[in-house]
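A.B. asks: Heads up: the sequence shown at position 266 corresponds to 264 in our numbering, and the numbers run straight through without jumps.
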Amino acid sequence: MARCHEFVLKIVNVLWIYILLISQCESKKTETFYMNGPSCGETVTIDGATVYSHYDYKNNKLYENNIECRLTFKARNSNLRIMINILELDIPDIYYNDLCNDALYVYDASSILGKTLKKAGRNNGLCGKTIPNDFLESTGEYLTVYFRTNNGGLPGEGFKFVVTAFSEIKLGEVCNEGDFRCNNNRCINKQLMCDQVDHCGDYSDESTLTGAKCTEKDGDILTKFLSLGVTASIAISIGSIILVTVIIVCVVCCCCRKCRKDSIPDNVTTSATSVSASGPYKPVNQQKPNAANNQFNEGPNGQQQQQQ
């Protein structure tokens, strides 16, 4: 039985190490956030991320009313800055004088109490379908986005943007170890290369010719998986976890049975009943000694002794 327990512990340790290695590898890839998800109100440290207005964005569904989400991005080092590249924008609920009812606000600060970026519409925010013609960059290591929708009006498809922690270098300078140098003299984390997301802003981190020298298969599996949509991705993930759990339980049960079987000796003897060709052997009844069967003689001291 002890051997079985040791074997099970070894399996658990191997699986645990495998999970840690996978999570460590994936943790440096591009993260994903939704402005109606559980990360609202948090400050997250990122190297790179893709941000959507709502969960069903990829399924071409419109965002809901009464969304109010603040998300603050922080670079991993204080000498880095945060850059936002807005790829898609559709927030159609606008007043007649171009004031936004629903809007995306961008703050050059660690909270919404800071200064809004001029390129992001300042206090009016971003709405409509006009995408800023330049990147939205922070002056420090923090940048905060805030998405607000009212309880009525015309909903839209929302937005999608890429956020990246970066530093800028001058001509002739080199990036820090572990960073990739973009063609536009920006430095980003090397782990963001070839992940099907343009973090440099000029696609040099996704280039198949120069710089990153990505191959066509890089990021292919992850991209196809995410393209299935949130619901399908979650269902596949949960199903995979259940399948792996069932397999582990079956393996453990089989191992335990084998260990118990191996622990039983081959030549087992029992004292209760012996079986012979003529049938079960029954022990002979022995009579208890009584006074009639005992003979006594008198010893030298006059005491009676039992004669054997």
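For each residue, glycine too, the CB sits at the ideal point set by N, CA and C. Nothing here was measured: the structure is a model prediction, and the numbers come from that model.
Am I right that S109 and T70 are in contact with their C-beta atoms under 8 angstroms? What's the rounded C-beta distance?
C.D. replies: Residue numbering aside, residue 109 sits at position 111 when the sequence shown is read from its first letter. Residue numbering aside, residue 70 sits at position 72 when the sequence shown is read from its first letter. Right, their Cβ atoms sit about 7 angstroms apart.
A.B. asks: Can you check which of these residues, F157, G176, T208, C192, is closest to Y53 by C-alpha distance?
C.D. replies: Counting from 1 along the sequence shown, the entry for residue 53 is found at position 55. Selected option, being the one with the closest Cα: F157.
A.B. asks: What is the rounded straight-line gap between the Cα of F133 and the Cα of V160?
C.D. replies: On the sequence shown, residue 133 is found 135 positions in, with the first residue counted as 1. On the sequence shown, residue 160 is found 162 positions in, with the first residue counted as 1. Cα to Cα, F133 sits roughly 10 angstroms from V160.
A.B. asks: Beta-carbon within less than 8 angstroms of V172's beta-carbon, same chain only, minus the 5 sequence neighbours each way: which residues are those?
C.D. replies: For the purposes of this step, residue 172 is taken as the residue at position 174 of the sequence shown. The answer, listed in chain order, is R179.
A.B. asks: Quick check on this structure: which residue in E135, T213, V247 has the alpha carbon closest to the alpha carbon of C198?
C.D. replies: Mapped onto the sequence shown, residue 198 falls at position 200. Comparing Cα-Cα distances from C198 to each of E135, T213, V247, the minimum goes to E135.
A.B. asks: So C198 is in the beta strand (DSSP E); what residue range does that whole segment cover?
C.D. replies: Here residue 198 refers to the residue found at position 200 of the sequence shown. Under the DSSP assignment, C198 falls outside any beta strand (DSSP E); it carries neither an H nor an E label.
A.B. asks: Under 8 angstroms between the Cβ atoms of Y144 and R79?
C.D. replies: Numbered from 1 along the sequence shown, position 146 holds the residue referred to as residue 144. Numbered from 1 along the sequence shown, position 81 holds the residue referred to as residue 79. No, they are not a contact pair.
A.B. asks: Report the three-state DSSP secondary structure of V143 (helix, strand or coil).
C.D. replies: Reading the sequence shown from its first residue, position 145 is the one you call residue 143. Strand.
A.B. asks: List the residues that DSSP assigns as beta-bridge partners of M81.
C.D. replies: In the sequence shown, the residue the question calls residue 81 occupies position 83. Note: M81 sits in a beta bridge opposite E135, T162.
A.B. asks: For a minimum of 3 consecutive residues, which ranges assigned as the beta strand (DSSP E) are wholly contained in the region 165 to 190?
C.D. replies: Counting only runs of 3+ residues, the beta strand (DSSP E) found wholly inside the region 165 to 190 occupies 177 to 179, 184 to 187, in chain order.
A.B. asks: For my contact list, G154 and I89 are in at a C-beta cut-off of 8 angstroms; report their separation, rounded to the angstrom.
C.D. replies: As a position in the sequence shown, residue 154 is number 156, starting the count at 1. As a position in the sequence shown, residue 89 is number 91, starting the count at 1. Correct: roughly 5 angstroms between the Cβ atoms.
A.B. asks: Do L97 and D106 count as a contact pair if the criterion is CB distance below 8 angstroms?
C.D. replies: Taking the sequence shown and counting its residues from 1, one reaches residue 106 at position 108. Taking the sequence shown and counting its residues from 1, one reaches residue 97 at position 99. For D106 and L97, no; Cβs fall outside 8 angstroms.
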